[in-house]
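To get our numbering, take the position in the sequence shown, counting from 1, and add 363. Ideal placement from N, C-alpha and C gives every residue a C-beta, glycine not left out.
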Amino acid sequence: MTKIENEKQYEWAVARVEELLNSVPEDAPKDDPNVIELELLSNLVADYSDEHYALGRPSLIDVLKLRMYEMGLNQAQLGKLIGVSASRISDYLSGKCEPTMKVGRAISTKLNVDASIVLGV
Numbered sequence: 364m365t366k367i368e369n370e371k372q373y374e375w376a377v378a379r380v381e382e383l384l385n386s387v388p389e390d391a392p393k394d395d396p397n398v399i400e401l402e403l404l405s406n407l408v409a410d411y412s413d414e415h416y417a418l419g420r421p422s423l424i425d426v427l428k429l430r431m432y433e434m435g436l437n438q439a440q441l442g443k444l445i446g447v448s449a450s451r452i453s454d455y456l457s458g459k460c461e462p463t464m465k466v467g468r469a470i471s472t473k474l475n476v477d478a479s480i481v482l483g484v
């Protein structure tokens with residue numbers, strides 16, 4: 364098998380990888396047939412997963428909502444933290460507008476958000 368072609372093959376391969384993970388010791392030599400099979404099947408499963416189940420990059424809206432939840436902040440508190448009004452936060456969360464470069468920097472540094480997400484790239 365050079366590529367997983369369908370869901371049935373994928374499910375079989377995932378089950379086999381799980382079996383091998385439980386049976387192959389960590390210190391097994393790299394030329395052990397089970398280690399080789401595990402590596403090959405793992406790569407095939409990863410390729411299929413990337414092609415069919417890719418999650419994509421999160422949007423700034425998703426990240427802001429997550430950070431608000433993680434930090435226990437409401438819109439007013441988040442606005443105060445990054446230097447904008449609660450209504451501006453509402454605009455960001457609804458997609459009505461995007462943050463300025465200055466606010467983007469604050470989001471990136473104060474909320475620890477990757478700059479590429481803030482910039483949408």
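Helix, strand or coil at residue i [DSSP, three-state]
i: S386; result: helix
i: Y416; result: coil
i: V311; result: As shown, the chain starts at 364 and ends at 484. That puts residue 311 outside it, with no answer to give.
i: K473; result: helix
i: I367; result: coil
i: D394; result: coil
i: S405; result: helix
i: K459; result: coil
i: G435; result: coil
i: A483; result: Reading the sequence as shown, one finds Gly at residue 483 and not Ala. It is coil, neither helix nor strand.
i: S422; result: coil
Residue i CB to nearest heavy atom of the ligand PLP below 7 Å
i: L474; result: Although the ligand PLP was asked about, the structure shown includes no ligands whatsoever.
Nearest-angstrom Cα separation, counted from residue j out to residue i
i: V447; j: T365; result: 53 Å
i: I424; j: D410; result: 29 Å
i: D394; j: L401; result: 11 Å
i: N475; j: P396; result: 44 Å
i: N406; j: S471; result: 34 Å
i: K443; j: S479; result: 23 Å
i: D420; j: R451; result: Checking the sequence shown, residue 420 turns out to be Arg, not Asp. Rounded to whole angstroms, R420 to R451 spans 23 Å at the Cα level.
i: A439; j: A449; result: 4 Å
i: M431; j: L441; result: 7 Å
Closest Cα partner of residue i within the set the options
i: K371; options: S450, R420, G483, V408; result: V408
i: E414; options: D477, G467, I367, Q438; result: I367
i: S473; options: L436, Y373, L383; result: It is worth fixing the name first, because residue 473 is Lys in this sequence and not Ser. That would be L436, whose Cα lies nearest to the Cα of K473.
Close Cβ partners of residue i (< 7 Å) along its chain, the five nearest in sequence each way excluded
i: A469; result: I445, G446
i: R379; result: L404
Cβ neighbours of residue i in the same chain (closer than 8 Å, five flanking residues each side left out)
i: D454; result: C460
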